[in-house]
Structure formats: C-alpha cells, structure tokens
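The sequence shown begins at 1104 in this note's numbering and counts up by one. Just so you know, even glycine gets a beta-carbon here, dropped at the ideal spot from N, CA and C. Just so we're clear, the structure is a prediction, and the values are computed from it rather than from any experiment. Note sheet for the following structure.
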Amino acid sequence: MKISLFYEFALPRPWSDDDEHQMFLDGLDEVEAADKAGFSTVWLTEHHFLEEYCHATAPEMFLAAASQRTKDIRLGFGVMHLPPPINHPARIAERVSTLDLISNGRVEFGTGEGSSVAELGGFNIDPADKRTMWEEALEVSIRCMTEAPFTGFKGEHVEMAARNVIPKPLQDPHPPVWVACTRPSSVQMAAQKAIGALSFAYTGPEALKDRVDGYYRDFEEQGTPVTPAINPNILAIGGDLSMMVARNDDEAIKRLGIGGGFFSFGIMHYYLTGMHTPGRTGVWDLYEQAVKDDPTLAYGPGRGAIGGPDTVREFLRGYEASGVDEIILLLNPRSHEGTMESIEIMGKEILPEFIERDEKARAAKAKRLEPVIEKVEGRRQNWDAPLFDETYSFGGLPTGRGGKFTAGEIPEAMAEINEGRVKAAQLEKEQRGAAS
C-alpha cells in the first residue's frame, strides 16, 4: 500500500494579510520534506468559493512550484473539475501536459464533476448536466493530449474544432486517470471505465475491503477502457484519515487540536446541511461551536493516523490489510511545525516497512492482473472520433456574426507598424541625403 498526503489548504478565520501567502509557502516546505521522507504522492484538490474550508483553487500552480523542489514524489490532481464552464478540456490538456513535462512525468490526473451549490451555482452549471459534462470533457481532454492533431468533437456540452493541442505529456500516452468516488456506484463506474477510483472511506478498513474487492471484480467482469491507458487502482481518502504523528499519542492529539474534524464538517456545511453567505459566514466559528457541543467531532469519524509511531503504524496496517492500493492522509488545519515533525517521523520510523511491502505487492499484482487486463483490453471500444480532414485549414483574421464582424485590432496594429517603418525609412533616407 502506498501512503500519500492530501492538501485542501483550509484556512480558518480570522485572517491576516499574510495568511494565504504563508500557507502556500509552508505547504511547499512540507511537500519537499514529504518527498525526502518517501511519501508516494501529494494530492491537491481543486475547489472554488469554499472559503475557509479550501483555498486550493489553482492546483496546477502549486504543483508546478512543488515539482521544482522535489524529485520523486508524484503530483496528483485530487481532483480537477472537468465541467467545461470551470475548465475547458483543451486548457485541461495543456495544463496537465505542461506539469507532466516540467515534473519529468510525475502527474496523476484525478478528475471530478463537482457537487456543491457553491461551485456548480457559481459557474452556472445545472447539476443534472454535470455527469455528461464530465464524460465529454474526459474524452476531449485525453484526446487533446494524445491526438496530433485533435480531430474535433461535437457533443451536448463540448464543441471544439480540429486543433493541434500542445504540449503533449511526457507519460505515454497520458498520465494515469482517476475519478472521485463518493458512493459505491461511482466506484463501480470507475472499474467499468478501467480508470482509478479515488474512493472516500468513512467507515474503516473492514468496509473498505468490500469496496476494494468489488472494484476489482467489476474491473475484471465489466471493465471497458475509455482512455488509451487503463489504471486499475483504488485508493482511500476520508475524514477518518487525518495525520498527526508525534513521540506519543497525547502529544499528537495536543498538536492536532480540534482541526482533525474540520474536513468532515466542511463537507457537511458546503455539500449538505449548511447555509452560507459569501464573505460573511464564519465556517470555523460554526465548527468550534459544534465541537463544544460534541467534542468527539474534533477527530472526525475515526482517530486517523494520529498518535505515536506504534499507534500510527498499527492504524495503517489495518488499511493495508484491506487490499487498497493507496491511502491518502489528510493535512487538516494544524501547525506547520507539527506537520514537519510528523513527516519526519513518518519517513524515519513508519514508511520504510510499507514501501518495502508495497514493492512486492505491486509486482504480485501486476502478475495477477496480466490475464485480467488482456480480457479487459479485449472489450476496448475506440472513440468515435472523426477522421482528420487534410483539406481543412483556418485563416488568421477573426470574423463573426455571419461575416459582418471582423476583429480589426491586429490589422490596424500592423498598419500602424508598417506606417512607422515607412516613416523611419523615409527619415533615414533624408538624413543620408543631408549628410552627403
């Protein structure tokens, strides 16, 4: 089982002018330390308008910065929102590919469709359309990464003419694809599409084992690849997977404070029961009051990877026994100093045994899945992509409204430049004549 980290960059109020700045700088220090410690991947979500709960609105920017301070740790979108009003598929392909290039091929491409009123409403997306938006955008973005040129697409929500989308990713044919899975049915969908499942795990390793077994059963029996590269993997993320490691259990709990349950509370607030006034509602204030009423909320549904090395080691072994391929530990609101020490202890005293066992487990899994993958690949159905029209071309002058409008700024600018060149040449000629 791989062990990774997850950032949402929660930032509880009250805020000072430098808080967001320092939060990202601290995060970069932590990711650099996590790379040296041996964590598998740093996953960064993308959310919009979820103040206090998540300030990670441009994950590709942070991951790009992190890529230049790390060597081995993989860089995961956990997840990028695919509905076109949020991210156009061509721009997705460009950003993912660029990050893959500058990181030397370390990108994990996690995808999602969005769920909150804050985000869907903010981008004027009808919730009834988000699944088909995700499906169309996934196809178009991957085709943009792999086709040269992309031959065009006309769907219900995405329409794009043929273009050669550049650059192309370093990983061939594209980075591993994942989808966020909040329910058992979405885990099944991931298996059926032969892509990775970013599965929420709120009920402990025993229930997770059933989900893992179901994923691989559905992958074998129903998996039909929808991307050029398949990704048969399932990982676990959830409110009971917070991380804070210290020399002993009491110190770890003290360092985490009440931050451990904020991830779950934020989901409840923004996705289920909360009422929110932008720029006014104090989410952390509401959480603090909830913890006063029920102190058990401070640690989320379960204690998580919280405690001394022995406690955390046993906690992780329980999830390892579920057969899950990767576990993502949440970094909830906490001190930077405590997080840095947690990462150091994990690297020195906990991760090595899991890394050693994971190498053996991956080799055994690859051998076990060989005949399964052959069966799955036999069900592959290629995209119904149009052939490229070799006679197609486009000009440089934008027109619109049935030819009644022409964007004239470039011709006007070129005319001004040419006029300036003519005047300069005439002046130079006159000066040479005067000198002679």
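Of all alpha-carbon atoms in Ile1195, Ala1488, Val1134, Leu1500, the one lying nearest the alpha-carbon of His1277 is that of Ile1195. Measuring C-alpha to C-alpha distances from Ala1159 to each of Glu1123, Thr1494, Pro1192 identifies Glu1123 as the nearest.
For Ser1302, the enclosing beta strand (DSSP E) starts and ends at 1299-1303. Contact annotation: Gly1181 and Thr1214 have beta-carbon atoms that are not nearer than 7 Å. For Val1145, the uninterrupted beta strand (DSSP E) segment begins and ends at 1144-1147. Under the criterion of beta carbons closer than 8 Å, Glu1163 and Arg1198 qualify as touching, at roughly 5 Å.
Linking Lys1532 to Glu1522 through their CA atoms gives a straight-line distance of about 15 Å.
Just so you know, the alpha carbons of Val1394 and Gly1369 end up roughly 13 Å apart. Following the DSSP letters along the chain, one finds Glu1238 in no beta strand (DSSP E) but inside the alpha helix (DSSP H) bounded by residues 1233-1249.
Straight through space, the alpha carbons of Thr1235 and Cys1284 are spaced by roughly 16 Å.
Trp1146 places its beta carbon less than 7 Å from that of Ile1431. Taking the CA atoms as reference points, Gly1407 sits about 35 Å from Thr1327.
According to the DSSP assignment, Thr1214 belongs to the beta strand (DSSP E) that extends over 1210-1215.
Membership of Glu1391 in the alpha helix (DSSP H) is indicated by the continuous run 1386-1396.
Going by beta carbons, Tyr1318 and Val1290 fall inside the 7 Å limit.
Judged by their CB atoms, Gly1225 and Phe1152 are nearer to each other than the 7 Å cut-off.
For Glu1512, there are no CB contacts under 8 Å within the same chain when 5 residues up- and downstream are skipped. If you compare the alpha carbons of Arg1286, Ala1113, Val1220 with that of Arg1314, the shortest gap goes to Arg1286. Nearest Cα to Leu1375 within the set Met1183, His1184, Val1220, Phe1253: Val1220.
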